[in-house]
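J.: Below is the structure I would like to discuss, written out as C-alpha cells.
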Amino acid sequence: MARDEALPELLDDRDPDYIRDTLPLAWLLATLWHRAEVRGLDNIPDDGPVLLVGNHSGGNTSPDSFAFSLAFASYFGVERRFHQLAHKLVIASPGIGAFLKKHGTIEASHANAEKALDAGAAVLVYPGGDWEVHRPSWQSGRVDFAGRTGFLKLAIRTGVPIVPVVSIGGQETLFVLTRGEALSKALGLHRFRLKVLPVSLVIPWGVTLGDFIPRLPFPAKLTTQVLPPIDLREKFGDDPDLDEAYDYVTGTMQTTLDALADERRFPVLG
Amino acid sequence: MRLEECIEIRAPRDEVWDFIADADNHPLFMAGLTRWDVKKGKHLKKGSRIDMRMSVGSAQVGSLIEVVECDAPADMAWTSVTGIDQRGRWRLRERGDNCTKVSLRLAYQAPGGILGWVVDQIAARDVRRNVRRSVEALKEQVESGVERARVRRAG
C-alpha cells in the first residue's frame, strides 16, 4: 500500500506491544504513588473516533495524563488507537519524547489531530496547554482554557463527539507559585510557543525556574471523571456558536471539577 | 499467578450449572466486575465471547475472553483473546444429595517481565478477594433461588 493510502506517517510511531509492556510500570506508579482513580470510562463510545477534552494539570510530567492513558489502555485494550496531543518541546525532549511517541503522543496541531481522528482514533487534547498546566497550585480547582476554541472547531469540522475528561490532584504533584508569563515574554520565549516560564516548588530541587528538569512528583491522589459525550451539532445546531459551545463545555467541566474538589479533604492526600 | 477458591453450595449440580451458564447472572455474583458485555447469546457455550473488566488498583483490567470448554454440568473453561493473559475454569462436582462443590480457578499474567511479576504479586490480594467474594455470592444467589423455588412448591 502506498504511503498516502496508509496511515499518516506521524501515527506510525505508536507501538501497542510497547504500551502493553509498560502498563505494569504505569499501574505501579498510578496505584501505589498516586492512588489514581478513573471513573466513567463507559461514557467513552466503544469504537470510532472521539475527541477527549481534558483539563491539564501537573506541569510537563502531567501525571493525570499517564493515569488516564493507563486506564484507557486497560479498559479498551492497547489495540484501540489512542493518541495524545502534546507540545512539540515535550515530544522533542531526549528520552521521554521517544517514550511518548511509542505511546501514541503526537505534536499538538489541528492537522495532526484531524489525521488521527480520520484514522478512527480516540484523541486526547488539552486546550489549556502550557497556560493551564502551569497555573498556580492554589487554582487547582479551576478549568482554564484561556478562551481557546480550536478543539470546538476541530470537533465540528470532523463531526466527532467531545468527551470531557476532568481530573483533580495533578496540580498538587508540584507547587506552582507563578506562571511567569511576563518573564517568558521578556526573554522572547513566546516565539517558541512558550507563553509561560513557571516558578515552582519541586522535589528534589526546591524552587525552580521553568519546567524542564526531571523531578519527583508529590504523591498526590489523582481522581478523574469521564463525562458523557457531547455532540455539538446535536446540541447547538448545524452551525454551533463557538462562544455558547465553549461556555457549555467548560461550564460542564467546571461543575464536575467543583464536585471532585468537594470530595477532597486534604491537599495531596486527597 | 494462580488462584483457586472453592465452596460447597446446597443445591443440585444442574441448578448451579444453569445459573453459571446464564451470562446475565454473572454481574449478580462476580465481585469487582466493571464490564461484562456478552457478544452473542446469553447462554454461555463453547465459542461464547465476553468483554470483561475487573477493578484492580488504578485500572480496570481484563480481557476479551472466549469459552473454550463447556462440559455441562461439570466444567466451563475460558481463555483470553485480547487484553491481560488469563485462563479460568468453573469446576462443579457433586457432594452427596443436593450439594455441589464449586471451584473457581483463575490464572493470569501481567505483561512486562519482572515488573509484571511484581504487579501480579501486589494485585493478587485484590483479585483473590474478588474471587472469594464471587463464590460466596454465587452460593448466596443459588441457595436463595433454591429456597424460593421450594417455598413456591410448598405453597
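Sequences listed follow chains R and D, in order.
Per the numbering used here, the first sequence starts with residue 90, numbered consecutively.
Per the numbering used here, the second sequence starts with residue 81, numbered consecutively.
Heads up, the beta-carbon is just placed ideally off N, CA and C, and yes, glycines get one too.
1. Give the interface partners of LEU114/R over in chain D, defined as CB-CB distance under 8 angstroms, in chain order.
2. By how many angstroms is the C-alpha of ALA125/R removed from the C-alpha of MET240/D?
3. Leaving out five residues before and five after ALA181/R in sequence, what residues of the same chain have Cβ atoms less than 7 angstroms from its Cβ?
4. Residues in the same chain with beta-carbon distance under 7 angstroms from LEU358/R, minus the five sequence neighbours each way, listed in chain order, please.
5. Pick from SER214/D, ALA204/D and TRP170/D: whose alpha carbon is nearest that of ASP53/D?
6. With DSSP as the reference, please indicate the residues paired to ALA157/D in a beta bridge.
7. Is it right to say PRO113/R is buried, meaning 16 or more other beta carbons lie within 10 angstroms of its own, or is it exposed?
8. Kindly list, in the order they appear in chain D, the residues whose Cβ is closer than 9 angstroms to that of TYR360/R.
9. Can you tell me whether DSSP reads LEU316/R as helix, strand or coil?
10. Between the C-alpha atoms of LEU172/D and LYS219/D, what's the straight-line distance to the nearest angstrom?
11. According to the neighbour-count rule (16 or more other Cβ atoms, all chains shown, within 10 Å of its Cβ), is VAL161/D buried or exposed?
12. Just the C-alpha distance for GLY259/R and ILE87/D, rounded to the nearest angstrom, thanks.
13. Relative to the alpha-carbon of PHE301/R, which residue among ILE195/R, ALA162/R, THR345/R and SER289/R has its alpha-carbon at the smallest distance?
14. Buried or exposed, going by whether 16 or more other CB atoms sit within 10 Å of the CB of ALA91/R?
15. Do you know how far the Cα of ASP110/R is from the Cα of ASP104/R?
16. Looking only at its own chain, which residues have a Cβ that is under 7 angstroms from the Cβ of LYS125/D, when we skip the five neighbours before and after it?
17. Please identify the residue among THR344/R, LYS274/R and TRP227/R whose C-alpha is closest to the C-alpha of LEU286/R.
18. Taking Cβ-Cβ distances shorter than 7 angstroms, what residues in chain D pair up with ASP110/R?
19. Counting contacts by CB-CB distance shorter than 7 angstroms, is THR76/D in contact with chain R?
T.: By the coordinates alone:
1. GLY192 and LEU195
2. The question about residue 240/D has no answer here: the residues shown for chain D are numbered 81 through 235.
3. none
4. LYS310
5. There is no way to answer for residue 53/D, as the model of chain D reaches only from 81 to 235.
6. GLU149/D and ARG169/D
7. buried
8. This structure does not reach residue 360/R, given that chain R is present from 90 up to 359, and the question cannot be answered.
9. coil
10. 12 angstroms
11. exposed
12. 44 angstroms
13. SER289/R
14. For ALA91/R, the pLDDT reaches just 41, beneath the cut-off of 50, and the residue's location in the model is therefore unreliable, although a value from the coordinates is still provided. ALA91/R comes out exposed.
15. 10 angstroms
16. VAL147 and CYS150
17. LYS274/R
18. PRO191 and GLY192
19. A question about residue 76/D goes unanswered here, because the residues of chain D that appear run from 81 up to 235.
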